[in-house]
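For reference, the structure is listed below as structure tokens.
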Amino acid sequence: MTKESKHSNIELRSEEVQDILNRPPNWMIKWGNTVLIAMVIMALLLSYFIKYPDVIIGKATISTDIPPAFVVSNVNGRIGKVLKENGETVLSGEILAELINPIPTSSIDYLDSLLSSASAFVSDSLNQTYKDFEAIDFYEATGDVINLLGALEEYHFFLFNESSFNNLHDLESKLNANLRLETILKREVELSKIDIENAREKFKMEEQEYKLGYVTKLNFLNAQSTFNQSLKTEENIKRSIIQMEITINDLKSQISNFRTERQAQKMTFLAKIRELIVNLENYIVRWKTEFTIKAPISGRVDYSGRIKTNQLISSGDRLFAIIPPTGNYETVLDLPAQGFGKVEVGQEVKLKLDNYPYNEYGFVNGRVSKMASLPKEDTYQVEVILENALTSSYNIDLEYSPEMTATAEVITKDLRLIERLFNSLRSIFDN
Numbered sequence: 053m054t055k056e057s058k059h060s061n062i063e064l065r066s067e068e069v070q071d072i073l074n075r076p077p078n079w080m081i082k083w084g085n086t087v088l089i090a091m092v093i094m095a096l097l098l099s100y101f102i103k104y105p106d107v108i109i110g111k112a113t114i115s116t117d118i119p120p121a122f123v124v125s126n127v128n129g130r131i132g133k134v135l136k137e138n139g140e141t142v143l144s145g146e147i148l149a150e151l152i153n154p155i156p157t158s159s160i161d162y163l164d165s166l167l168s169s170a171s172a173f174v175s176d177s178l179n180q181t182y183k184d185f186e187a188i189d190f191y192e193a194t195g196d197v198i199n200l201l202g203a204l205e206e207y208h209f210f211l212f213n214e215s216s217f218n219n220l221h222d223l224e225s226k227l228n229a230n231l232r233l234e235t236i237l238k239r240e241v242e243l244s245k246i247d248i249e250n251a252r253e254k255f256k257m258e259e260q261e262y263k264l265g266y267v268t269k270l271n272f273l274n275a276q277s278t279f280n281q282s283l284k285t286e287e288n289i290k291r292s293i294i295q296m297e298i299t300i301n302d303l304k305s306q307i308s309n310f311r312t313e314r315q316a317q318k319m320t321f322l323a324k325i326r327e328l329i330v331n332l333e334n335y336i337v338r339w340k341t342e343f344t345i346k347a348p349i350s351g352r353v354d355y356s357g358r359i360k361t362n363q364l365i366s367s368g369d370r371l372f373a374i375i376p377p378t379g380n381y382e383t384v385l386d387l388p389a390q391g392f393g394k395v396e397v398g399q400e401v402k403l404k405l406d407n408y409p410y411n412e413y414g415f416v417n418g419r420v421s422k423m424a425s426l427p428k429e430d431t432y433q434v435e436v437i438l439e440n441a442l443t444s445s446y447n448i449d450l451e452y453s454p455e456m457t458a459t460a461e462v463i464t465k466d467l468r469l470i471e472r473l474f475n476s477l478r479s480i481f482d483n
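FYI, in our numbering the residues of the sequence shown are 53 to 483.
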């Protein structure tokens with residue numbers, strides 16, 4: 053076939069193709085439009101039925117209604133002994149660790165026992181047995197310890213010194229004897245009054261008979277002398293009573309002065325002993341504050357980091373946290389201002405704990421319980437109630453640690469896809 057014949061065939065075919073393209077079949081157009089309209093309608097129906105919520109993401113902190121107590125060091129030093137293991141349960145006041153110090157704990161316990169014994173002896177000296185303690189080295193408190201032991205020994209001697217009791221006993225015996233003698237003299241005065249009356253009557257009778265001449269002058273004078281002697285006897289007894297009262301008052305004064313002086317000495321001893329006890333009690337408190345680390349509350353010990361013997365620590369270092377027995381969990385979210393208006397009370401919250409990878413442990417469910425009306429540093433705070441405590445969506449009970457953090461996803465109200473499209477178009481036209 054020649055080139056000219058080939059070229060002629062191509063032109064003929066091109067004209068046929070052009071004819072077909074310029075006049076497409078009517079059925080193709082109709083079916084194409086139908087399919088397109090059906091797809092649009094189906095897309096609109098799907099956009100109406102498909103709905104999903106927006107997720108507002110923020111940071112969450114989980115704590116308890118009884119917050120954990122953090123234990124810090126009060127001084128610079130080195131850890132001498134760690135007494136409680138991580139995770140161990142302790143009671144309030146138990147010692148968690150001791151710092152290296154110049155006085156061993158046994159010496160402080162010994163001093164504490166000394167002060168308890170001294171306080172009991174001071175409070176009830178007659179019924180408490182005085183215990184003799186040995187003076188050992190208490191560093192800067194040694195002087196006060198020696199002074200306390202000396203004061204206790206002096207006070208004990210003062211209380212139970214027999215010579216002092218003998219002096220008081222002698223004075224009281226003399227007083228009692230003089231009181232008895234005074235009683236006797238007063239009875240003698242009463243008897244002398246009877247004698248005086250009898251002597252007076254006899255004298256009057258002798259005087260009358262002497263005047264009548266019935267008796268001699270000698271009998272009259274003897275009766276007069278007897279009467280005068282009875283008067284004199286009464287006066288002597290009264291004089292003795294007065295002297296006895298002076299003696300009794302003097303003895304009472306001596307006894308009173310003795311007791312007053314003894315009470316003053318006792319108060320001096322007690323004041324000195326109590327002052328030394330208070331000084332040493334304060335010293336023990338300072339020592340325990342500086343060199344022992346105690347649990348402020350009961351709960352579980354949680355190390356704030358690695359803690360070991362001879363570790364150097366500084367004042368204010370956080371060493372332990374005491375986690376109280378689990379109560380009600382309190383969860384607070386910090387949500388950004390953007391999209392916060394969609395958050396409502398009762399909405400679901402998914403908490404993905406930072407301590408527990410989400411893909412292994414799942415998430416913790418909660419619901420919004422309370423919302424702040426004012427922002428704080430460009431974020432809003434939201435309170436969340438945990439529906440199943442710390443049981444995750446994988447049904448795993450997660451262990452609580454202080455101030456747990458998590459990524460929070462607040463599931464807002466469902467919104468249809470078609471509504472989202474209309475909202476997007478509206479925002480475009482509004483702009």
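All C-beta atoms in this analysis are idealised placements derived from N, C-alpha and C, irrespective of residue type, glycine included.
Note that the coordinates shown come from a computational prediction; the quantities given were computed from them, not determined experimentally.
Candidates the options: closest to residue i by CA position
i	options	result
residue 114	194, 426 and 437	437
residue 296	139, 309, 163 and 227	227
residue 336	119, 122 and 159	159
residue 323	88, 204 and 86	204
residue 245	279, 260 and 235	279
residue 461	417, 413 and 402	402
residue 484	385, 432 and 289	Residue 484 is absent from the structure shown; the chain starts at 53 and stops at 483.
residue 252	266, 232 and 277	277
residue 108	222, 283 and 400	400
residue 367	129, 450 and 291	129
residue 170	157, 202, 214 and 193	202
residue 242	412, 131, 325 and 293	293
residue 208	317, 247, 122 and 235	317
residue 410	334, 448 and 426	448
residue 339	430, 134, 126 and 172	126
residue 426	455, 389 and 416	389
residue 194	163, 284, 273 and 174	163
residue 247	210, 286 and 235	286
residue 120	463, 456 and 257	456
residue 424	407, 416 and 393	393
residue 216	342, 310, 236 and 395	310
Contact under 7 Å by Cβ, residue i with residue j
i	j	result
residue 346	residue 147	yes
residue 372	residue 397	no
residue 299	residue 230	yes
residue 191	residue 152	no
residue 303	residue 167	no
residue 233	residue 328	no
residue 220	residue 306	no
residue 432	residue 387	yes
residue 198	residue 363	no
residue 435	residue 421	yes
residue 385	residue 110	yes
residue 106	residue 344	no
According to DSSP, residues forming a beta bridge with residue i
i	result
residue 156	Answer by DSSP bridge pairing: none, since residue 156 is not bridged.
residue 314	Answer is none; residue 314 lacks a bridge partner.
residue 321	BP columns for residue 321 are empty, so no partner.
residue 460	110 and 403
residue 365	129
residue 370	124
residue 423	434
residue 449	443
residue 387	432
residue 346	147
residue 352	141 and 375
residue 397	Per DSSP, none; premise fails for residue 397.
residue 381	116
residue 417	402
Cβ distance (whole Å) where residue i is taken to contact residue j below 8 Å
i	j	result
residue 149	residue 458	Contact doesn't hold; Cβ gap of about 31 Å is too wide.
residue 376	residue 118	4 Å
residue 446	residue 414	4 Å
residue 134	residue 361	6 Å
residue 370	residue 122	5 Å
residue 174	residue 326	7 Å
is_contact[residue i, chain C] using C-beta, thresh 7 Å
i	result
residue 130	The structure shown contains no chain C, having only a single protein chain.
Taking one C-beta from the region 438–452 and one from the region 377–390 each time, how about it: are there three or more such pairs within less than 8 Å? yes
Three or more C-beta pairs closer than 8 Å, one from the region 133–148 and one from the region 349–363: is that the case here? yes
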